[in-house]
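Worksheet: one structure, shown below.
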Amino acid sequence: MESGSDLKSYDPDELMVKRTDLLVQVLLNFDDSAQSTSNPGRVGRLDISQVEDSLRRLSLTHSYNHHDADDQVERFAIDQNLSKLIRSRIFRIKLSKHDDDTNDISNDINSKNIPEDPNGSVSIRSWTMTEHVYRKDHCPFPTMARGLFTHQNFRPDLGLGRGRHRIVARGYDKFFNIDEVPSTKWDTLEKTTKAPYHLTLKANGCIIFIAAISPTELIVTSKNAVIESDQNTGGKTTALHSQMGERWLNRHLSSVGLKRTELAKELWEANVTAVAELTDDDFEEHVVRTPTSEVGLNLHGINLNTPELLTYPPQVVAKCAERWGLHPIRFKSFDTIEEVRQQCSLIEKNGWDDREGSVEGIVVRGTPIDVEPSINIFKDPSASIFWKVKFEEPYLLYREWRELTKTALNVVDTVGPDWRSKFESTLNTSKRVGSSADLLSRAKFFKINLQKHQSSETRLYVHWLIQEILERPQTFEQWKDNRGIIRARESFLDWRSSVAADEILNKQANVMTHPNHLGSKEAAPQIASQSFDKTVLVPIGIPGCGKTTLAVALSKLLRCDHTQSDNITTRKTGPAFIENVKSLILNRVGPKLIIADKNNHLKTHREALTNLSREIRNGIQFGKSRDCREIRRLNVRLVALVWDIKSFPKAQLLQVSSDRIMKRGNNHQSLRPEITENGFRTHESILMKFLRDFQGFDKALNREDMGFNEVIKLNFLGTVETNLKIMIDRLLKICPEEFNDIKLDEKSIKNCVVEALNYKVELKKEMKVDNKKKMVRFRYFAVQPELDLRSKINQIFSSIAKDGTVMNLDLLNQLNSLNRFTFVPHITLLHTNQVEESSGDELKKSWQFYEQVVSNSGKSYGDRESLIRLEFGPNLVWNQRVMVVEARVVDGTEGEQIRRALGKPLHMTIGTIDESIRPIEGKLLLENFLCKKKEGNEKFDLKENDIHQICIEKFYCFGSIKGFE
């Protein structure tokens, strides 16, 4: 490192090299395969043994090659919902030989393996993570970095874990506003952080990364791009953020006589990214005006290019900014979290000392509570916990106005040249100009929902905005280029001080302060920002999980409304159910707690409820008479009651649910146990459809689930009393007011459970059983194991990978990606074709025996003693079409026929590549392999015959005999 530098020369240890290779390799595999067993989680937190283990898994391939590793790494996908959460983009950068203006960059979307250009260009990949997923409690991303550039195959001659890949530039970890997530609550931060605390001014611009791609070459990027092409100008490059950042960097360096090559050398040797804020109102305006002294690049961080965030303290950053000619970000340091809170309040009230202009907010850096004392946190890079404190006024208010303006201008552009005439045709001339009703009517055309904006200042701004668009559209001519924003706001503030503005404000206030009476056609906002008028409990499960019993028990304990989808007799139950829920919500004198009793196992079901909640929050007409309607607005809290369906094998879910339906008998409106004469449970086909269609609840990943406010997790195998106690415990925290004067002792809860279990339905719908189903003709009998097949097989392959075993995983990858694992795993005992082809009576007797077993078990429930113990392994065999595992019946109490099957080699098909492949192929594949193995045929080459086999450790589970159509 050059003398005079405040940065330390970077000398990576073995662990950091391995972590970097692992991070890049996991990212390269993440976008196609979703989360996998080879995804180890937060890479920067793994110890060396965990890193090496993960690298071994990633190295699994039948033809691994260092030079095309990015194409060859195999994956074990287990959650398809997580696909496409990470996107990447390639930027090819031609080395400029120190000429500041000769970067030649093109991009290639989602290319997996970009060879280096022999003409001296390098390929840098930019990574973009889906923003809302950062909020998940267990974020699946291997890094929390927001803004990340990597150089894959930086050293293609080296193996994984030895420095093949390199992080080129790294931003901060994603951090949140105070109270935005549980980890940024003040009381939590007091427990997880320690001094020193650094407060830095939150700059109002766009982030710029400055890093080195070689000892002599700099790269300047925005959060996700180096440079972009304007297709509207025939591919001519435009001065976007990264280019403008580069121009400003050149100006800053020139101001102190520093060459780009000198800065590149310093950043390269320190292995760091300089993180700056580009604030230039002439280039792009944001929310608040940039003071003259801060126009350009403001340096606020220097991060090590490592998987986990390690960043230099503000003292060092300020010194570097001065040497490099950049603007240093202002900062203050404190010793306690209470001092931080007080200082934030003072800055919000009075601004930053000796600084002109408004303050957007503060970024706080705390030291993690577990940082080793040996680290010099005033000189060396170290781990930090970041959070921000955004100020309500003026920043958030100004930003709200900016977004409303963009919405209105977008409508003008979308509607086209005749937008003015269409706007005038929508106006209601009966409404008094300037009144709240008139403003609502005008704003609606511009797609501005004023029910979401209760501030009188914002409503006044919308009035001014519409008038300005109508009378002086030139005010917004430069908005498309992100310019003119501040000037427009200042024009409004000038008008705001006029008499005309006060008159409009008074007109709106007069209307808004009078409560609505029954029959009025306009309604004043009635929603408190943090209060809820109604709470709707939404079960998410399958038939037999105990939804209605739990709902009845809760309704016996608390005052609540309970509407059941099963009680609806109309043909279209979906819309009718939503109407029932809506009427209960709009009933002001009714209970505040509502149970929307339905399986809600599909995203569309949950989306209908979130849409209803939003519709009622925004205002909905209520009343039977056209002349006597009011607009009601209620704030609705949606609480998801989520049974842990995904935690159990489908066979177990089917068995338990089916037994519960058998136990309740005819005490249900529609789904009652129907058993054919030979013991086939026809209701199980309905259960199987629910299991096939079930779409898990995930508030972070599913757009349809994002409208839910709270989640209560319930146990599928738990008793009614257990789940009721779980629900009560959570509801006490969510809506404690519902428990006023409610007795919650053990006796009261047990009494409610007893009443719920004795609950009798009043409505019975007709169940039409197909006459053909009176006696089902079985095609085969099989043992259905209680096994999560997909997870188990992926776990086996992952475990074998630890010892470095090389395997062909083409079929496994396709089974995962195409979801071609056998949906109902089973071990066939006897097929009807075998009986028909047999000349003797032995198989016929076995068939009759299995018929009797199925008939008896179909008419009983909860009989665990009749379960059969199964053994799987040691041979797991596959080719390009089918995968199969060796199986045996090792124990059972079903008589001589089962005992004859003891030790007999059977099979279970794990999956096939497509539906056209008959399951018998798996049987023939395994028999062929076992036959050749038994014969000791050394000439039989597995690879030549496209057969692959591994020996697995035997595993066991229980199963039950079933008849299959």
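What the sequence shown shows, in full-length UniProt numbering, is residues 1 to 965, in sequence order. We put the beta carbon where it would ideally sit given N, CA and C, even for glycine.
- Query: Hey, quick one: how far does the beta strand (DSSP E) through Tyr956 stretch, first residue to last?
  - Reply: 955-964
- Task: Can you give me the start and stop residues for the alpha helix (DSSP H) that Ser254 sits inside?
- Result: 241-255
- Query: To which residues does DSSP link Ser332 through a beta bridge?
  - Reply: Per the sequence shown, residue 332 should be read as Lys rather than Ser. DSSP lists Leu199 as partners of Lys332.
- Message: Spatial neighbours of Ile568 within its chain, please: C-beta separation below 8 Å, excluding the five flanking residues on both sides.
- Response: Ala576, Phe577, Asn580
- Backbone CA spacing between His300 and Ile616 [nearest angstrom]: 45 Å
- When burial is assigned at 16 or more other CB atoms within 10 Å of the CB, is Val589 buried or exposed? exposed
- Message: Considering only their Cβ atoms, is the gap separating Ser657 from Ile542 smaller than 8 Å?
- Response: yes
- Task: List in chain order: all unbroken alpha helix (DSSP H) runs of 4+ residues lying wholly within the region 141-195.
- Result: 186-192
- Item | Three-state secondary structure (DSSP) of Gln564 | strand
- Message: Measuring straight from C-alpha to C-alpha, what distance separates Glu746 and Ile369?
- Response: 41 Å
- Beta-carbon proximity list for Asp494, same chain, < 8 Å, skipping 5 on both sides: none
- Query: So Trp352 is in the alpha helix (DSSP H); what residue range does that whole segment cover?
  - Reply: Per DSSP, Trp352 belongs to no alpha helix (DSSP H) and is neither H nor E.
- Query: What three-state label does DSSP hand Gly873 in the structure shown?
  - Reply: strand
- Range covered by the beta strand (DSSP E) that runs through Leu593: 593-597
- Message: Below 8 Å on the Cβ atoms is my contact criterion, and I expect Arg692 with Glu965 to pass it. Report the Cβ-Cβ distance as a whole number of Å.
- Response: Between Glu965 and Arg692 the Cβ distance is about 16 Å, and since that is not below 8 Å, they are no contact.
- Task: Please list, in chain order, all residues of the same chain as Phe445 whose beta carbon is under 6 Å from its beta carbon, the five residues on each side excluded.
- Result: Phe423, Thr426
- Item | CA nearest to the CA of Ile172, picked from Glu14, Ala145, Phe154 | Checking the displayed sequence, the identity of residue 172 turns out to be Tyr instead of Ile. Of Glu14, Ala145, Phe154, the residue nearest in Cα terms is Ala145.
- Task: Give the C-beta separation of Thr273 and Arg166 to the nearest angstrom, bearing in mind that I take them to be a contact with Cβ-Cβ under 8 Å.
- Result: About 12 Å; that fails the 8 Å criterion.
- Message: Considering Cα atoms alone, identify which of Asp354, Leu867, Thr279, Phe386 is closest to Thr184.
- Response: Phe386
- Item | Proximity to Thr311 [Cα-Cα], best of Ala383, Pro919, Val359 | Ala383
- Query: Is there contact here, the region 7-17 with the region 129-138, by at least three beta-carbon pairs under 8 Å?
  - Reply: no
- Query: The beta strand (DSSP E) with Asn303 in it runs from where to where?
  - Reply: 296-304
- Query: Under the DSSP definition of a beta bridge, which residues are partnered with Glu630?
  - Reply: Phe622
- Residue closest to Leu815, alpha-carbon to alpha-carbon, out of Asn224, Arg869, Asn879: Asn879
- Comparing the C-beta of Asn702 with each C-beta of chain C, is any distance below 8 Å? Absence of chain C from the displayed structure is noted, only one protein chain being present.
- Measuring alpha carbon to alpha carbon, tell me which of Thr290, Ala700, Phe30, Ala195 ends up nearest Leu278. Thr290
- Return the residue from the list Val256, Lys18, Ser583, Arg365 that minimises the CA-CA distance to residue 966. It is not possible to answer for residue 966, since the shown part of the chain is limited to 1 through 965.
- Grab me the residues of Ile952's own chain with a C-beta within less than 7 Å of its C-beta, minus the 5 sequence neighbours each way, in chain order. Ile796, Gly873, Pro874, Leu876
- How would you label His132, buried or exposed, when you count the other beta carbons within 10 angstroms and need 16 or more for buried? exposed
- Task: Consult DSSP for Thr548 and reduce its assignment to one of helix, strand or coil.
- Result: helix
- Message: Let me check understanding here. Comparing Cα to Cα, which of Phe929, Pro785, Leu593 lies closest to Phe823?
- Response: Pro785
- Query: Name the DSSP beta bridge partners of residue 1035, please?
  - Reply: Outside the shown range of the chain (1 to 965) lies residue 1035, about which nothing can therefore be said.
- Distance, Cα to Cα, Glu886 vs Val639? 45 Å
- If Asp597 and Thr548 are in contact, beta carbons under 8 Å, what's the gap, nearest whole angstrom? 6 Å
- Message: Report the CB separation of Phe532 from Arg637 in whole angstroms; it is logged as a contact under 8 Å.
- Response: 4 Å
- Task: Hey, could you find the ends of the alpha helix (DSSP H) Ser817 is sitting in?
- Result: 810-817
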